[in-house]
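To start, the structure itself, in structure tokens.
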Ligand SMILES: [Zn+2]
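Residue numbers (our numbering): 167 to 337.
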């Protein structure tokens, strides 16, 4: 299943690269040490685009620089190094997500209710963590319908994403 899922995500991503470009609905922000000026410039032009920020990997002072922007903000966490989440226990997932949420809430001085998992990889444990930490919206790639049902079953709201990019893809 994981292999099929991984293939689907990669294939859709390839398609997106071939198809005419549209503005993404969200940016996964992971390399702010290199991309901060580009991210700021893009966000000023596109104030509706959501910033999904990897709070555990970016320098705090760079994240803080984004707090003057109007763009909505959510948390993006790389729970595992790849799409495989099997065997990552509740405590580890909880610590990573809780830490990231706290950082963003402090720096942006607002409630953080949106979550997008790294590599679009989540499982039932992740959902439990998100629910317990008070998240409302869980972003999922539009081809991953199994995850959409899992999110809904837990009483959370899925946000189906088809156009996204990484901060390092911005020109
Ligand atoms: Zn990521």
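Using N, Cα and C, we set each Cβ at its ideal position, and we do this for glycine too.
Here the stretch 242–256 does not lie against the stretch 205–214, with fewer than 3 beta-carbon pairs under 8 Å apart. Annotated three-state conformation of residue 212 is coil, per DSSP. Assignment of beta-bridge partners to residue 195 by DSSP yields 219. Going down the chain, each residue whose beta-carbon is closer than 7 Å to a heavy atom of ligand 1 shows up: 194, 196, 220, 242, 244, 284, 285, 332.
Taken atom to atom, the span from the alpha-carbon of residue 334 to that of residue 203 is near 11 Å. Separation of residue 207 and residue 229 (C-alpha to C-alpha, rounded to the nearest whole angstrom) is 14 Å. The beta carbon of residue 195 is closer than 6 Å to those of 217, 219, 333 in its chain, skipping five residues each way along the sequence. Rounded to whole angstroms, residue 297 and residue 323 show a C-alpha spacing of 11 Å. The beta carbon of residue 305 sits closer than 6 Å to the beta carbons of 282, 325, 327 from its chain, once the five residues preceding and following it are set aside; these are given in chain order.
Judged by beta-carbon spacing, residue 280 lies beyond the 8 Å limit of residue 307, meaning their Cβ atoms are not closer than that value.
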